[in-house]
Amino acid sequence: MSLKKHRKVNKTSQHNESAKKLFKDPLIEGVRWIERYASTIDKFWSTLPEYIRNSLATLAIFLMASSIKGDWIAIVVHLVKHFNGADQAPNNTIVRENGTDGTKADDVLEYLNLKGLPHYLSLAITGSFIIYFGVGGFIHWYYYVNKRDRPHEWKCQPEKFLSPELELHEIFVGGFSMLIMSCLSGILSCYAMNNGRLFTLYYGWDEYGWWWFFAQIVVIFLYQDYLTYWLHRIYHWPFLYKHFHKLHHTYKQPTAFSVTAIHPVEILHVQLTMLLPIFTIPTHWAAFYFVEIYTYAHGILNHSGVNIKSFWWQPWQPDTMFHDNHHQYFHVNFGFNIGLWDVIHGTYRRKDRVYSEEIYGGKGKDFKEASQLELEKDIAERKLENPNAYRNNVHQYDLDEREITDLIKQNKKLKSN
Numbered sequence: 000m001s002l003k004k005h006r007k008v009n010k011t012s013q014h015n016e017s018a019k020k021l022f023k024d025p026l027i028e029g030v031r032w033i034e035r036y037a038s039t040i041d042k043f044w045s046t047l048p049e050y051i052r053n054s055l056a057t058l059a060i061f062l063m064a065s066s067i068k069g070d071w072i073a074i075v076v077h078l079v080k081h082f083n084g085a086d087q088a089p090n091n092t093i094v095r096e097n098g099t100d101g102t103k104a105d106d107v108l109e110y111l112n113l114k115g116l117p118h119y120l121s122l123a124i125t126g127s128f129i130i131y132f133g134v135g136g137f138i139h140w141y142y143y144v145n146k147r148d149r150p151h152e153w154k155c156q157p158e159k160f161l162s163p164e165l166e167l168h169e170i171f172v173g174g175f176s177m178l179i180m181s182c183l184s185g186i187l188s189c190y191a192m193n194n195g196r197l198f199t200l201y202y203g204w205d206e207y208g209w210w211w212f213f214a215q216i217v218v219i220f221l222y223q224d225y226l227t228y229w230l231h232r233i234y235h236w237p238f239l240y241k242h243f244h245k246l247h248h249t250y251k252q253p254t255a256f257s258v259t260a261i262h263p264v265e266i267l268h269v270q271l272t273m274l275l276p277i278f279t280i281p282t283h284w285a286a287f288y289f290v291e292i293y294t295y296a297h298g299i300l301n302h303s304g305v306n307i308k309s310f311w312w313q314p315w316q317p318d319t320m321f322h323d324n325h326h327q328y329f330h331v332n333f334g335f336n337i338g339l340w341d342v343i344h345g346t347y348r349r350k351d352r353v354y355s356e357e358i359y360g361g362k363g364k365d366f367k368e369a370s371q372l373e374l375e376k377d378i379a380e381r382k383l384e385n386p387n388a389y390r391n392n393v394h395q396y397d398l399d400e401r402e403i404t405d406l407i408k409q410n411k412k413l414k415s416n
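Below is the structure:
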């Protein structure tokens with residue numbers, strides 16, 4: 000290489016290094032900031048009484064739940080409509096710099112009941128990202144930084160962590176999907192504020208009777224959870240899994256940021272399915288968003304990788320280990336907030352079955368049908384699970400040494416015949 004070319008290469012590399020220092024990625028820097036000031040945050044956190052710490056942690060989960068699909072702005076809009084009157088004309092007239100009252104684009108938006116749409120979109124996106132990364136960063140710090148040296152106390156898969164590259168990957172993918180969902184929420188919020196008539200939402204508490212107000216919570220919850228069970232299972236069919244859902248399973252040890260790290264086509268499909276009640280049946284806005292926030296809060300917990308047991312008053316709700324098993328073993332445990340769907344359809348994980356990314360269908364393989372390699376991989380995966388993440392701290396899928404020896408011998412004998 001000539002001296003002139005060598006100098007040119009050096010100048011280019013120096014320029015690239017300068018550019019990297021000047022233009023820092025906000026997502027990466029946000030995570031680094033949390034880790035950089037972890038000890039300071041820890042000192043402050045330790046001074047707080049336990050009940051305040053628990054309250055703040057709970058609030059953080061629900062705040063993050065309101066941000067992951069931009070629902071926070073929809074809740075604000077419906078609160079305003081609830082107290083100001085459902086059919087009151089919105090006060091969001093746009094005045095342009097040239098002094099005119101609007102443009103042809105404004106006329107089109109007004110005709111579509113979307114007056115002021117850019118304002119709603121910017122609010123939905125900005126607010127969602129601030130809440131998501133602020134609160135998500137807190138959860139990341141609380142467990143993955145503050146307690147990283149003692150994972151057996153809290154982690155579902157204590158021996159394994161996502162690599163730093165995968166952590167950043169899930170933040171990028173999750174951020175992009177959240178951008179799409181925030182735009183959708185911004186559009187629907189704007190449409191609601193402009194009294195769009197396609198909604199079947201209502202605002203009077205007893206407009207359809209108190210019995211329906213409470214019954215619809217159950218109806219919407221069951222509808223959403225059962226439909227998402229089937230949508231999730233369909234996206235585990237070979238073609239859809241390989242082209243769409245496999246992206247979400249890049250994260251075998253999920254974190255709270257994994258909850259939105261889903262292919263944009265899939266997350267949009269699921270979200271539109273979940274929104275159907277507000278276009279089809281009389282739905283009180285508060286009842287609908289109560290179910291939404293409950294669902295999303297548990298979505299965050301289920302993807303957190305943290306050992307969290309459901310409360311006594313939630314007999315339908317699986318512990319977080321249920322969905323962690325799904326990420327670890329891929330094609331099993333498709334439900335979200337009701338484990339019964341998997342029990343009914345035979346896709347609930349069983350001790351006598353082998354599961355892996357290559358075994359589709361949700362029902363695994365019998366030990367006798369599995370290859371030697373499949374059996375050995377499954378046994379190795381079981382050893383990575385935290386027994387404390389199961390009820391009564393008992394690993395219900397654990398195989399003792401005698402069982403393992405017998406299985407391997409039996410498997411070899413069957414394969415040799």
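Numbering follows numbering that gives the first Met the number 0, in which position 23 of the sequence shown is assigned residue number 22; successive positions increment by one, without gaps. All C-beta atoms in this analysis are idealised placements derived from N, C-alpha and C, irrespective of residue type, glycine included.
Any beta carbon of chain C sitting closer than 8 Å to that of residue i?
i, result
"residue 204", "Given the protein chain composition of this structure (a single chain), no chain C is represented."
Excluding five sequence neighbours on each side, which residues of the same chain lie with their C-beta closer than 8 Å to the C-beta of residue i?
i, result
"residue 219", "276, 282, 286, 287 and 290"
"residue 182", "69, 120, 123 and 124"
"residue 234", "240, 243, 244 and 265"
"residue 403", "378"
"residue 201", "85, 207, 281, 282, 283 and 284"
"residue 305", "142, 153, 154, 155 and 319"
"residue 146", "152 and 153"
"residue 297", "316, 335 and 336"
If you follow the alpha helix (DSSP H) that residue i is in, where does it begin and where does it stop?
i, result
"residue 314", "That residue, residue 314, is in no alpha helix (DSSP H); it is neither H nor E in DSSP."
"residue 348", "Note, residue 348: premise wrong, no alpha helix (DSSP H); not H, not E."
"residue 163", "163-192"
"residue 113", "Per DSSP, residue 113 belongs to no alpha helix (DSSP H) and is neither H nor E."
"residue 219", "209-233"
"residue 270", "263-274"
"residue 237", "237-242"
"residue 297", "284-302"
"residue 68", "Unbroken run through residue 68: none, as it is neither H nor E."
"residue 280", "Premise fails: residue 280 is in no alpha helix (DSSP H) and is neither H nor E."
"residue 342", "339-344"
Which same chain residues, not among the five before or five after residue i, have their C-beta less than 7 Å away from its C-beta?
i, result
"residue 184", "68, 69, 70, 72, 73 and 123"
"residue 62", "130 and 134"
"residue 321", "332 and 338"
"residue 353", "363, 364, 366, 369, 373, 374 and 377"
"residue 190", "112 and 113"
"residue 400", "none"
"residue 389", "320 and 395"
For residue i, which residues from the same chain have a beta carbon less than 6 Å from its beta carbon, with the 5 sequence-adjacent residues on both sides left out?
i, result
"residue 169", "250, 256, 257 and 260"
"residue 303", "255"
"residue 176", "259, 261, 263 and 266"
"residue 350", "396"
"residue 301", "319 and 322"
"residue 172", "260"
"residue 417", "Absent from the model: residue 417. The displayed extent of the chain is 0 to 416, so no value can be given."
"residue 309", "316 and 318"
Assuming residue i and residue j form a contact by the criterion Cβ under 8 Å, report the distance between their Cβ atoms to the nearest whole angstrom.
i, j, result
"residue 307", "residue 319", "5 Å"
"residue 65", "residue 129", "That pair is no contact at about 12 Å."
"residue 193", "residue 83", "About 14 Å; that fails the 8 Å criterion."
"residue 254", "residue 166", "7 Å"
"residue 326", "residue 248", "7 Å"
"residue 226", "residue 272", "5 Å"
"residue 381", "residue 405", "The pair is not a contact, with the Cβ atoms about 15 Å apart (cut-off 8 Å)."
"residue 116", "residue 186", "7 Å"
"residue 137", "residue 59", "5 Å"
"residue 188", "residue 76", "4 Å"
"residue 237", "residue 50", "Between residue 50 and residue 237 the Cβ distance is about 49 Å, and since that is not below 8 Å, they are no contact."
"residue 205", "residue 212", "7 Å"
Nearer than 7 Å: is that true of the beta carbon of residue i relative to any heavy atom of the ligand GDP?
i, result
"residue 150", "Absence of the ligand GDP is noted for the structure shown, with no ligands found whatsoever."
For the region 153-160 and the region 370-390, state whether three or more C-beta atom pairs, one from each stretch, are separated by less than 8 Å.
These segments touch.
The region 400-410 in contact with the region 369-381 per 3-pair CB rule at 8 Å
Three or more beta-carbon pairs drawn from the region 400-410 and the region 369-381 are found closer than 8 Å, and the two stretches are therefore classed as touching.
Whole alpha helix (DSSP H) elements within the region 361-412, 4-residue minimum:
Inside the region 361-412, DSSP marks whole alpha helix (DSSP H) runs of 4 or more residues at positions 371-381, from first to last along the chain.
Three or more C-beta pairs closer than 8 Å, one from the region 348-367 and one from the region 327-336: is that the case here?
Verdict: yes, contact present.
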